[in-house]
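Here's the structure we're looking at; comments come further down.
Residue numbers (the numbering used here): 176 to 486.
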């Protein structure tokens, strides 16, 4: 396989676990689950909204996990997947390799969705609705996953583990809580870094709280109907990456920085005896219902990731 410079790229078998993209200090192991796929392609990009794409067929499969190891890939690499298989919506199978897909186990995601009909697996407006097939390529409008370096200095960090009978929980929205907070430096407002500023933590401690419950901080989708009305998804309940901190809550635009900034926030809160609880909603995602876009789970293996009903 040749990369964008024309040189041959090394591809090793890799391992099925852990799932996701894992940097081990020498290269990156890519692993993704799909029970019904017939072919999986790893797609590498050189920019968040780039179409300059290198496709690498993943030939190794352990049970239902597809995996490959690229010794030349480094943290900061942008990637996604294209998954081949039958397009039989009536049977719950919605494979469409024209759609670039996010890794469900990505630790960071760069860029934002640029809405168009290309992001839907079916032809929008077709009389057959989602039973039709849309072959438009979606890569240009899709955000990309980021390979992150998991190294982080946790120091002596330990969870406070406050007994439940002494626990006082303060629920807050990371962005909303710090966006207009006077003592927070303007460049940090609305971010994980803003929430870990000393004046914010001191205020929380003075209230007597022992834990913060963060409203969704996972990468989420601002729905098309909201964007069309020049609105956005403020609350963040349409998750598209359950392991990736929401990029818009990071104070830095550096690729993958949101993961580091999130860990730094947790470490700072723990140091002051404040536990961190995450609000996680698994019963729906940013792909919506059967008429929603194909961004991740639906295109990887719809029948495995979603609970389907007979009709």
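The beta carbon of each residue, even a glycine, is placed where N, CA and C say it ideally should be. Note that this is a predicted model, so its numbers are computed, not measured.
Delimiting residues of the alpha helix (DSSP H) encompassing residue i
i           : result
residue 409 : That residue, residue 409, is in no alpha helix (DSSP H); it is neither H nor E in DSSP.
residue 436 : 432–446
residue 467 : Per DSSP, residue 467 belongs to no alpha helix (DSSP H) and is neither H nor E.
residue 375 : 373–382
residue 472 : 472–480
residue 274 : Counting along the chain, residue 274 falls outside any alpha helix (DSSP H), and DSSP gives it neither H nor E.
residue 504 : Limits of the chain in this structure are 176 at one end and 486 at the other, which puts residue 504 out of reach.
Boundaries of the beta strand (DSSP E) in which residue i is found, first to last residue
i           : result
residue 316 : Here residue 316 belongs to no beta strand (DSSP E), and DSSP marks it neither H nor E.
residue 386 : 386–389
residue 231 : 228–232
residue 370 : Where residue 370 is concerned, there is no enclosing beta strand (DSSP E), although the alpha helix (DSSP H) it sits in stretches over 367–370.
residue 393 : 393–395
residue 453 : 450–453
Check whether residue i and residue j have beta carbons under 9 Å apart
i           : j           : result
residue 206 : residue 193 : yes
residue 444 : residue 328 : no
residue 313 : residue 469 : yes
residue 311 : residue 285 : no
residue 375 : residue 344 : no
residue 195 : residue 256 : no
residue 462 : residue 359 : no
residue 362 : residue 426 : yes
residue 267 : residue 477 : yes
Residue i - partner residues in DSSP beta bridges
i           : result
residue 204 : 197, 244
residue 346 : 388
residue 284 : 320
residue 418 : None, per the DSSP bridge assignment.
residue 214 : 259
residue 353 : Answer is none; residue 353 lacks a bridge partner.
Per-residue burial, residue i [other beta carbons within 10 Å of its own, 16 or more giving buried]
i           : result
residue 303 : exposed
residue 455 : exposed
residue 392 : buried
residue 466 : exposed
residue 378 : exposed
residue 373 : exposed
residue 355 : exposed
residue 230 : exposed
residue 484 : exposed
residue 316 : buried
residue 252 : buried
residue 409 : exposed
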